[in-house]
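Engineer: Structure in structure tokens, see below.
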Amino acid sequence: MAAEALAFPQRPEPALLRSFILAALMHGVLVGILLVGVRFQSRPPLTVEVELWEQPPPPAPPQPEVKPEPPPPPPKAVEPEKPVVKPDIAVQKKPEPKPKPKPKAEPPKRDRDFEKRMREQLAMEQQAVQQQDAERRERELKALIAKREAAARASALATWTDRIRAKIRGNIILPRDVPGNPEAVFDVALLPTGEVLSVKQTRSSGNPAYDDAVYRAILKSTPLPKPDNPALFERRLELRFHPHD
Amino acid sequence: MNVTQDLDIITLILHASIVVKVVMLLLLLVSFMSWMFIFQKWFSIRRADRQTDDFEKEFWSGKDMSSLYQGAVNNRHSIGSMERIFEAGFREFSKLRSQKGTHQTEASDMVDGARRAMRATFQREMDFLERHLSFLASTGSVSPYVGLFGTVWGIMHAFRSLANVQQATLAQVAPGIAEALVATAIGLFAAIPAVVAYNRYSHDIDRLANRFESFMEEFSNILHRQAVR
Chain A
1 MAAEALAFPQ RPEPALLRSF ILAALMHGVL VGILLVGVRF QSRPPLTVEV
51 ELWEQPPPPA PPQPEVKPEP PPPPPKAVEP EKPVVKPDIA VQKKPEPKPK
101 PKPKAEPPKR DRDFEKRMRE QLAMEQQAVQ QQDAERRERE LKALIAKREA
151 AARASALATW TDRIRAKIRG NIILPRDVPG NPEAVFDVAL LPTGEVLSVK
201 QTRSSGNPAY DDAVYRAILK STPLPKPDNP ALFERRLELR FHPHD
Chain B
1 MNVTQDLDII TLILHASIVV KVVMLLLLLV SFMSWMFIFQ KWFSIRRADR
51 QTDDFEKEFW SGKDMSSLYQ GAVNNRHSIG SMERIFEAGF REFSKLRSQK
101 GTHQTEASDM VDGARRAMRA TFQREMDFLE RHLSFLASTG SVSPYVGLFG
151 TVWGIMHAFR SLANVQQATL AQVAPGIAEA LVATAIGLFA AIPAVVAYNR
201 YSHDIDRLAN RFESFMEEFS NILHRQAVR
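These protein sequence lines map, in sequence, to chains A and B. With my numbering as the guide, the letters of the first sequence map in order to residues 1 to 245. With my numbering as the guide, the letters of the second sequence map in order to residues 1 to 229.
Written out as structure tokens, the structure reads:
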């Protein structure tokens, strides 16, 4: 440094401030480009989740749509009745209201009784209809909940059997040349610990080598995975196998 | 599993581990300095070019050499490299010539002395012109490695998070790797301009050096002619 200072007594690097500002500007531009460029990519794609359930859910989705609809019918159902009742009153009432203002005392009294009775009747009818409707709705709701529960249970069961199948499939030593994708069905009896008690073939795939391979694989993977929820456990399971899953 | 990771660059940088952050900061600093030197050198080389052009024009226009020398001495803070070389050579030459009466000095000795003085000034001028170029060179060659180090460290970090889970998914490592790769990106941002500028400037400075050397040769010839006369 000292030698340099001697060699160049007064020679500062030219345009120091200008270079500093330009460098700062350059980095500002760079950071700006980086921010904009990366934010463009960062918009995450809209993910759509689809849950595939195995059994009853298909009826379930339409059900909720049916459920909101029933409420409308009841009012309609009531209304048709009302018009039938009402006209009666209306017809009988209409002549009276006009005379009402003039002869005040006599006819209205009887009429009021009648009207009152009619109204009570109507209210009762309406109440009955509403009750029925509420009951129906409740029943539907219960059915829906039951269905949902059944569906959840079925799907949990399906995941459990899937896990079992996956474990067994890992142990299957595929014989060569299994033509097509035939299905072999086995009936497996389990202990709650997951141990296999017995294996029975209920349907052959038509390929004895494949049947044997699956049979051996089931026995080999004997502590089978337990279900996540112990309540789901079933002693007998029907397992279906395809050579080319 | 839906991916809620936002790949915003700021979040990436903020989530990086401390080593990666330090590496990125270092690289940013180096990049800033290298850009500063790039601009500085750009200005100084352009100025040296212009001054050399001006002086060559003035010199070969047949102006009297002592008046040129006077002009150079009078504003020696603003003259260019070639004029400095001329000044040093001419000063040495005139000194030697004024001693001619006392000692018998040969013409070739006078020219040799002037040439030595010019060479010394030439070396100094080259040193001035090449100042900071080595910084650009080392930035260009080293900063990708520094960035790579940050990336490797970040990836190691990202993979460590995989150790605790049974099912490894891409979503667990991807953000970490993206974070780590930012370090390499910054390293490259620093390195590429530095390399380009280094190559460009060293070429420019080589050309200037060639001009200075040929000027020195020609000027020695002129001095030799004057000494013999």
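Ideal Cβ positions, reconstructed from N, Cα and C, are used throughout, including at glycine.
1) On the three-state DSSP scale, how would you describe A:Gln-131?
2) Tell me B:Phe-55's beta-bridge partners as DSSP assigns them.
3) Identify the contact partners of A:Ala-23 in chain B, using a Cβ-Cβ distance below 7 angstroms as the criterion.
4) Secondary structure at A:Arg-203, three-state DSSP: helix, strand or coil?
5) Expressed to the nearest angstrom, what Euclidean distance is found between the alpha-carbon atoms of B:Val-22 and B:Gly-140?
6) With distances taken from CA atoms, which of B:Val-30, B:Phe-55, B:Ile-13 is nearest B:Ala-137?
7) I want to verify the contact list: residues of chain A whose CB lies under 7 angstroms from the CB of B:Arg-119, in sequence order.
8) Would you call the segment 140 to 152 of chain A and the segment 164 to 176 of chain A in contact, with 3 or more CB pairs under 8 angstroms?
9) Determine the chain B residues that contact A:Ser-19 at a beta-carbon separation under 9 angstroms, and present them in chain order.
10) Tell me the rounded alpha-carbon separation between A:Glu-81 and A:Arg-139.
11) As a quick exercise: from A:Arg-137, A:Phe-20, A:Ile-164, pick the residue whose alpha carbon is nearest that of A:Phe-233.
12) Specify the secondary structure class of B:Arg-76 as computed by DSSP and reduced to three states.
13) Which residues mark the beginning and the end of the beta strand (DSSP E) in which A:Val-178 is found?
14) How big is the Cα-Cα spacing for A:Pro-136 and A:Asn-207?
15) Alpha carbon to alpha carbon, how far is A:Gln-201 from A:Ala-143?
16) In three-state DSSP terms, what is A:Ser-198?
17) Select from the segment 178 to 209 of chain A all residues with a C-beta closer than 9 angstroms to any C-beta belonging to chain B, and list them in chain order.
18) Tell whether a beta-carbon distance below 8 angstroms holds between B:Ile-186 and B:Ile-155.
19) Taking the alpha carbon of B:Pro-229 as the reference point, which residue from B:Ala-107, B:Ser-34, B:Asn-210 has its own alpha carbon closest?
20) With burial defined as no fewer than 16 other Cβ atoms inside 10 Å of the residue's Cβ, what is the status of B:Arg-84: buried or exposed?
21) Give a yes or no on whether 8 angstroms exceeds the smallest Cβ distance from B:Arg-47 to chain A.
22) Just list the residues that DSSP pairs A:Leu-239 with in beta bridges.
23) Taking B:Ser-202 as part of the alpha helix (DSSP H), name the residues at either end of that continuous run.
24) What's the gap between the Cα of A:Leu-30 and the Cα of B:Ala-190?
25) Would B:Ile-85 count as contacting chain A if we go by Cβ distances under 8 angstroms?
26) Residues of chain B with CB closer than 8 angstroms to the CB of A:Ala-15, please, in chain order.
27) For the alpha helix (DSSP H) that contains B:Gln-123, what are its first and last residues?
28) Apply the 10 Å Cβ neighbour rule to B:Lys-95 and answer buried if 16 or more other Cβ atoms are within range, or exposed otherwise.
29) With a threshold of 16 other CB atoms inside 10 Å of the CB of B:Thr-169, please say whether the residue is buried or exposed.
30) By the 10 Å Cβ neighbour count, where 16 or more other Cβ atoms means buried, how is A:Glu-183 classified, buried or exposed?
31) Just the C-alpha distance for B:His-77 and B:Val-173, rounded to the nearest angstrom, thanks.
32) I think B:Ile-205 touches B:Glu-130, with their Cβ atoms under 8 angstroms apart; what is that distance to the nearest whole Å?
33) Smallest Cα separation from B:Glu-92: which of B:Met-110, B:His-157, B:Asp-127, B:Gln-51?
34) Once DSSP output is grouped into helix, strand and coil, what is the label at A:Leu-35?
35) For A:Asp-111, which of helix, strand or coil comes out of DSSP?
36) Can you say whether A:Val-214 is buried or exposed, counting buried as having 16 or more other CB atoms within 10 angstroms of its CB?
Structural biologist: The relevant details are as follows:
1) Counting from one through the first sequence, the residue named residue 131 of chain A turns up at place 131. In the structure shown, A:Gln-131 sits in a helix (DSSP, three-state: H, G or I).
2) Residue numbering aside, residue 55 of chain B sits at position 55 when the second sequence is read from its first letter. Answer by DSSP bridge pairing: none, since B:Phe-55 is not bridged.
3) Reading the first sequence from its first residue, position 23 is the one you call residue 23 of chain A. Those are Phe-32, Trp-35, Met-36, Phe-39, listed as they occur along chain B.
4) Within the first sequence, numbered from 1, the residue matching residue 203 of chain A stands at position 203. Correct three-state label for A:Arg-203: strand.
5) To locate residue 22 of chain B, count along the second sequence from 1; it is residue 22. To locate residue 140 of chain B, count along the second sequence from 1; it is residue 140. Going by the C-alpha atoms only, they are around 19 angstroms apart.
6) By 1-based counting over the second sequence, the position of residue 137 of chain B is 137. Nearest option by C-alpha distance: B:Val-30.
7) Locating residue 119 of chain B in the second sequence gives position 119, where the first residue counts as 1. Correct list: empty, because the minimum Cβ distance to chain A is about 14 angstroms.
8) no
9) As a position in the first sequence, residue 19 of chain A is number 19, starting the count at 1. Within chain B, the residues near A:Ser-19 are Trp-35, Met-36, Phe-37, Ile-38, Phe-39, Gln-40, Lys-41, Trp-42, Phe-43.
10) What you label residue 81 of chain A is simply residue 81 of the first sequence in a count that begins at 1. What you label residue 139 of chain A is simply residue 139 of the first sequence in a count that begins at 1. Residue placement at A:Glu-81 cannot be trusted, given a pLDDT of 49 that sits under 50; what the coordinates show is reported in the next sentence. Approximately 24 angstroms, taken between the alpha carbons.
11) For the purposes of this step, residue 233 of chain A is taken as residue 233 along the first sequence, with counting starting at 1. When only C-alpha atoms are compared, the closest one is A:Ile-164.
12) Within the second sequence, residue 76 of chain B is the residue found at index 76, counting from 1. The answer is coil: DSSP assigns B:Arg-76 none of H, G, I, E or B.
13) Taking the first residue of the first sequence as position 1, residue 178 of chain A is located at position 178. Run containing A:Val-178: none; DSSP gives neither H nor E here.
14) Along the first sequence, one-based indexing puts residue 136 of chain A at 136. Along the first sequence, one-based indexing puts residue 207 of chain A at 207. The displayed chain sequence assigns Arg, not Pro, to residue 136 of chain A. Approximately 53 angstroms between the Cα atoms of the pair.
15) Position 201 of the first sequence, counting from 1, holds the residue named residue 201 of chain A. Position 143 of the first sequence, counting from 1, holds the residue named residue 143 of chain A. Answer to the nearest angstrom: the Cα atoms are 36 angstroms apart.
16) By 1-based counting over the first sequence, the position of residue 198 of chain A is 198. If DSSP states are grouped into helix, strand and coil, A:Ser-198 belongs with the strands.
17) none
18) Taking the first residue of the second sequence as 1, we reach residue 186 of chain B at position 186. Taking the first residue of the second sequence as 1, we reach residue 155 of chain B at position 155. It is not a contact, given that the beta carbons lie outside the stated cut-off.
19) By one-based count along the second sequence, residue 229 of chain B stands at place 229. A small fix is needed here, since residue 229 of chain B is Arg in this sequence, not Pro. Ranking B:Ala-107, B:Ser-34, B:Asn-210 by Cα distance to B:Arg-229 puts B:Ala-107 first.
20) Here residue 84 of chain B is taken as the residue at index 84 of the second sequence, counted from 1. Buried, because 16 or more other Cβ atoms sit within 10 Å of the Cβ of B:Arg-84.
21) If you number the second sequence from 1, residue 47 of chain B lands on position 47. By this cut-off, B:Arg-47 is an interface position.
22) On the first sequence, position 239 is the one that residue 239 of chain A refers to. For A:Leu-239, which the question treats as bridged, DSSP gives the partners A:Phe-186.
23) Your numbering for residue 202 of chain B matches position 202 in the second sequence. First-last of the alpha helix (DSSP H) with B:Ser-202: 170 to 228.
24) Numbered from its first residue, the first sequence carries residue 30 of chain A at position 30. Numbered from its first residue, the second sequence carries residue 190 of chain B at position 190. For A:Leu-30 and B:Ala-190, the distance between alpha carbons rounds to 11 angstroms.
25) Translated into positions along the second sequence, residue 85 of chain B becomes position 85. B:Ile-85 does not count as touching chain A.
26) Within the first sequence, residue 15 of chain A is the residue found at index 15, counting from 1. The answer, in chain order, is Phe-39, Gln-40, Phe-43, Ser-44.
27) Locating residue 123 of chain B in the second sequence gives position 123, counting from the first residue. Counting along the chain, the alpha helix (DSSP H) containing B:Gln-123 begins and ends at 107 to 129.
28) Taking the second sequence and counting its residues from 1, one reaches residue 95 of chain B at position 95. The residue in question, B:Lys-95, is exposed, as its Cβ has fewer than 16 Cβ neighbours within 10 Å.
29) Position 169 of the second sequence, counting from 1, holds the residue named residue 169 of chain B. Result: exposed.
30) As a first step, residue 183 of chain A is located in the first sequence; it is residue number 183 there, counting from the start. The residue in question, A:Glu-183, is exposed, as its Cβ has fewer than 16 Cβ neighbours within 10 Å.
31) Numbered from 1 along the second sequence, position 77 holds the residue referred to as residue 77 of chain B. Numbered from 1 along the second sequence, position 173 holds the residue referred to as residue 173 of chain B. Looking at the two C-alpha atoms, the distance is approximately 60 angstroms.
32) Translated into positions along the second sequence, residue 205 of chain B becomes position 205. Translated into positions along the second sequence, residue 130 of chain B becomes position 130. The Cβ separation is near 6 angstroms, so the contact holds.
33) Taking the second sequence and counting its residues from 1, one reaches residue 92 of chain B at position 92. Comparing Cα positions, the closest option is B:Met-110.
34) Numbered from 1 along the first sequence, position 35 holds the residue referred to as residue 35 of chain A. The answer is helix: DSSP assigns A:Leu-35 an H, G or I state.
35) Counted from its first residue, the first sequence places residue 111 of chain A at position 111. Helix at A:Asp-111.
36) The residue given as residue 214 of chain A occupies position 214 in the first sequence. Counting Cβ neighbours within 10 Å, A:Val-214 comes out buried, since at least 16 surround it.
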